[in-house]
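What follows is a set of notes on a single structure, which appears directly below.
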Amino acid sequence: MKDPVTLSTGITYDRDCIEKWLFSQKNDVCPVTKQVVVDIELTPNHTLRRLIQSWCTLNPSSGIERLPTPRLPISKIEIIKLLKDSKSPHLQLNCLKKLKAIVIENEKNKKLMESVGAPDYLAWILTNMENNMTSLPPAGEVSGVDEFVSTGADEVLSILHHLHLSPMSLKSLFGKTGEFVETLTRVMERATSYESRTYAVMLLKAMLEVAEPMQVTLLNPRFFMVLVQILMDEISRKATKTTLKLLITVCPWGRNRIKAAEAGAVPVLIDILLDCKEKRVSEIVIVVLDQLCQCAEGRSELLKHAGGLAVVSKKIFRVSSVASERAVSILHSVAKFSGNRSVLREMLQLGVVGKLCLVLQVDCGRKTKESARTSSIITQLNGVLENGEGALLP
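Residues 1 to 394 in full-length UniProt numbering are what the sequence shown spells out, letter by letter.
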């Protein structure tokens with residue numbers, strides 16, 4: 001042992017080993033007693049450490065060097081003091097920077113901060129900052145108090161991101177009123193730091209994945225408008241993928257797909273799909289489009305875009321099996337619920353029928369649901385030809 005510490009169960013271990021067991025490997029029991037570790041703070045075993053150091057001192061002939069006295073790790077008391085001191089405006093930024101350094105240091109510090117309620121406290125600080133900031137000038141024009149608050153908000157978001165919060169803490173952050181969701185929405189909308197906007201959307205995704213369905217249905221239209229703006233700004237690849245996954249999480253609930261469509265998500269998604277060369281991103285975009293095309297507003301926006309039907313049809317068999325299935329689902333929704341004569345003729349001109357026939361040949365007997373959708377579309381397209389140009393199929 002180099003740094004012996006004692007668990008709350010009374011068993012002594014080397015610090016590095018037990019921290020790896022508890023924090024990196026996510027175990028919550030004592031390796032020897034199998035008892036649940038109720039207090040994650042480790043107590044230094046000074047007596048054993050001095051004994052080891054004395055033995056090393058007495059045996060230099062064997063090439064053994066005396067172990068240095070280890071630096072004391074951060075304690076709960078120190079973290080709580082830093083959190084309390086961050087209430088003071090003139091100490092706030094310095095305290096937040098220290099907390100950030102602590103949380104980045106190791107997994108043990110992350111768990112320690114979470115155990116003392118740091119996430120809720122930091123959320124409260126960020127909410128107060130945003131409430132006190134009446135308006136934020138455009139990038140490059142931030143000054144004075146706004147600059148100080150903006151920097152403090154950046155630090156808070158960085159800390160919350162690096163904490164890797166548990167589902168319980170994420171639910172606590174969401175709260176009963178969803179006030180913190182509003183705070184993060186304002187951050188995404190007004191922050192001058194691309195990194196902070198990315199952290200905000202990543203934190204929102206994590207929170208909404210564990211939120212109750214009723215809470216997700218209460219998201220307001222502005223939330224979706226801000227997400228669309230994130231996609232349009234192309235902040236980073238990570239921000240784009242996270243925003244797309246966030247839309248997948250929230251769109252199935254309540255009227256959220258209508259809110260997203262009315263916020264202008266569909267044309268932005270189509271533009272991303274037209275330019276995208278990464279198959280994984282293309283797949284996620286098609287999944288989101290499929291969700292949005294399950295409402296009339298989404299289908300209408302798809303048909304308004306000159307490249308909407310064309311790019312969806314083009315992606316069949318070119319991205320992944322999931323993307324192909326969802327693309328067929330989009331075409332099915334359009335043909336069934338919005339399939340007037342002009343729409344169906346456009347689908348014919350784009351060569352949709354040939355693609356769908358190929359889907360039937362490849363997947364017949366293996367994906368009955370998808371084949372049924374395909375057959376339904378072909379039947380409708382066949383009807384158009386029967387009325388004007390002769391049937392496509394006998």
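Positions of the beta carbon are idealized from the N, C-alpha and C atoms, including for glycine.
Whole-Å CB distance - residue i paired with residue j, under 8 Å assumed
i, j, result
"residue 286", "residue 335", "Contact doesn't hold; Cβ gap of about 17 Å is too wide."
"residue 48", "residue 103", "No, residue 48 and residue 103 are not in contact; Cβ-Cβ is about 29 Å, not under 8 Å."
"residue 157", "residue 116", "About 19 Å; that fails the 8 Å criterion."
"residue 200", "residue 184", "5 Å"
"residue 3", "residue 60", "Not quite, the Cβ-Cβ distance comes to about 21 Å (not below 8 Å), so this is no contact."
"residue 173", "residue 123", "5 Å"
"residue 215", "residue 178", "6 Å"
"residue 320", "residue 283", "5 Å"
"residue 327", "residue 315", "5 Å"
"residue 5", "residue 31", "Actually they do not touch by this definition, with Cβ atoms about 13 Å apart."
Residue i and residue j closer than 9 Å at C-beta
i, j, result
"residue 360", "residue 330", "no"
"residue 292", "residue 343", "no"
"residue 298", "residue 250", "no"
"residue 202", "residue 242", "yes"
"residue 338", "residue 300", "yes"
"residue 272", "residue 227", "no"
"residue 42", "residue 18", "yes"
"residue 350", "residue 374", "no"
"residue 223", "residue 181", "yes"
"residue 9", "residue 35", "yes"
"residue 130", "residue 153", "yes"
"residue 67", "residue 37", "no"
"residue 155", "residue 96", "yes"
"residue 166", "residue 125", "no"
"residue 120", "residue 62", "no"
Rounded straight-line distance, which links the Cα of residue j to that of residue i
i, j, result
"residue 252", "residue 262", "15 Å"
"residue 20", "residue 276", "41 Å"
"residue 12", "residue 209", "39 Å"
"residue 295", "residue 248", "15 Å"
"residue 98", "residue 127", "20 Å"
"residue 347", "residue 308", "11 Å"
"residue 109", "residue 325", "45 Å"
"residue 81", "residue 113", "12 Å"
"residue 333", "residue 310", "15 Å"
"residue 39", "residue 75", "12 Å"
"residue 352", "residue 281", "23 Å"
"residue 244", "residue 211", "18 Å"
"residue 254", "residue 190", "27 Å"
"residue 1", "residue 79", "27 Å"
"residue 132", "residue 83", "19 Å"
"residue 322", "residue 160", "33 Å"
"residue 106", "residue 213", "34 Å"
"residue 274", "residue 171", "37 Å"
"residue 15", "residue 362", "58 Å"
"residue 317", "residue 269", "19 Å"
"residue 176", "residue 111", "24 Å"
"residue 354", "residue 22", "57 Å"
"residue 345", "residue 246", "35 Å"
- Query: When the Cβ atoms of the region 195-202 are set against those of the region 225-236, are three or more pairs found closer than 8 Å?
  - Reply: yes
- Only counting runs of 4 or more residues, tell me where the alpha helix (DSSP H) segments fall wholly within the region 236-324, in order along the chain. 237-250, 256-262, 265-275, 279-292, 296-304, 308-314
- Pairing CB atoms from the region 9-29 with CB atoms from the region 90-100, are three or more of them under 8 Å? no
- Query: Does the region 217-230 come within contact of the region 254-269, defined as at least 3 CB pairs closer than 8 Å?
  - Reply: yes
- Task: Taking only runs that begin and end inside the region 66-139, name each unbroken alpha helix (DSSP H) of 4 or more residues, in chain order.
- Result: 76-85, 89-105, 107-115, 118-132
- Runs of alpha helix (DSSP H) lying entirely within the region 21-64, each at least 4 residues, in chain order: 46-58
- Message: Restricting to runs no shorter than 4 residues, where is the alpha helix (DSSP H) found entirely within the region 182-241?
- Response: 194-210, 213-217, 221-233
- Item | alpha helix (DSSP H) runs contained entirely in the region 147-182, provided each spans 4 or more residues | 167-174
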